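Colleague: Quick note: the sequence shown uses my numbering, first residue 1, plus one each step.
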Amino acid sequence: MRFIGPHVSIKENISFAVDRAAAIGATGFAIFTKNQRIWSAPPLSDESIESFRKKMAEKNYSPSAVLPHAGYLINPATPDEELRAKSLSLFCDEAERTVLLGLSTINIHPGAYKEGDRKDGLRRSARMIDEVLSAVPEIRIAIENTAGSGTILGSTFEELDELLANVNCKERVGFTLDTAHLFGAGYDVKNKATAILDDFVTRFGKEKLFGMHLNDSKVPLSSKKDRHESIGEGLIGKEAFKAIIQHDATENIPLILETPNEERWPEEVKMLLEF
Ligand SMILES: [Zn+2]
Ligand SMILES: [Zn+2]
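Below is the structure:
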């Protein structure tokens, strides 16, 4: 089974996200667990949680088809103590929301180390991941690869491996691979999608691929930039996505579109499901 669908809005009520995904024929989807632009949001109401879970069951979505994305304010690698405390508290809150919604895994960016030593940044990021895992025993964390601009960590498999090596509770940590970020970081997804996934599996094992973000790219290979494009409209191209969908490692994990043109989502989902 391939769980394919976009990152949908949670506007008005988080349970509407399920309707939005179902309306376009998605077999999986992503959400934010709260408004991602603010540090604190009111807790999810019991009614919203109940309604989200009920719709998931009614529309036949397995919890493993849904991958919440943690908010962009969180920087697990920050050297700033105050930002670190706020990031940790928000990350724990979002992990708790994920569990309350009946879901298992939350997606996080490894963060930017800003200044000082890169290795210290990786250690700080790993430490925060461990802290969230101890605070929320039911959660799993999917670390997303990045395009690697500036001091942003996690743009190569080597660095993701080093980050994981710094984590104590490794059993509950895996990765999300974003195709546009891979391409920006210098992985030639256009021509070598199968080989790149094979490399990942050889290094980490298939079970460590917790999800993927399927995005075409507006910017060239090795640009270190992150500009998503609709599938088939960018510099990666359709064939690469076909190879990804047909790869063993993408079975039964969320494959999420974060493509810019919402109107194209139904046809993108349909095309990918037919691969
Ligand atoms: Zn992301
Ligand atoms: Zn991106």
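Glycine included, each C-beta is placed from N, C-alpha and C at the ideal position.
Treat the numbers as computed from the prediction; the structure is a model and nothing was measured.
#1: If you run the structure through DSSP and keep just helix, strand and coil, what is V173?
#2: To the nearest angstrom, how far is it from the Cα of A70 to the Cα of F204?
#3: Provide the residue(s) that pair with R212 in DSSP beta bridges, ordered along the chain.
#4: Thinking E277 and P79 are a contact (beta carbons under 8 Å), I'd like their distance in whole angstroms, please.
#5: For A65, name the three-state secondary structure that DSSP assigns.
#6: Beta-carbon separation of F175 and K208 under 7 Å?
#7: Below 6 Å, is the gap between the Cβ of D226 and the nearest heavy atom of ligand 2?
#8: Mind checking M1: buried by the 16 CB within 10 Å criterion, or exposed?
#9: Listed in chain order, which residues are found with a beta carbon closer than 6 Å to a heavy atom of ligand 1?
#10: Could you tell me if T202 is buried or exposed, where buried requires 16 or more neighbouring beta carbons within 10 angstroms of its beta carbon?
#11: Alpha carbons only, please: which of G211, F210 and T179 is nearest the one belonging to I196?
Modeller: Well, looking at it:
#1: strand
#2: 23 Å
#3: In the sequence on display, residue 212 carries Met and not Arg. Beta-bridge pairing links M212 to L177 and L255.
#4: Outside the shown range of the chain (1 to 275) lies residue 277, about which nothing can therefore be said.
#5: helix
#6: yes
#7: yes
#8: exposed
#9: H69, H109 and E144
#10: exposed
#11: T179
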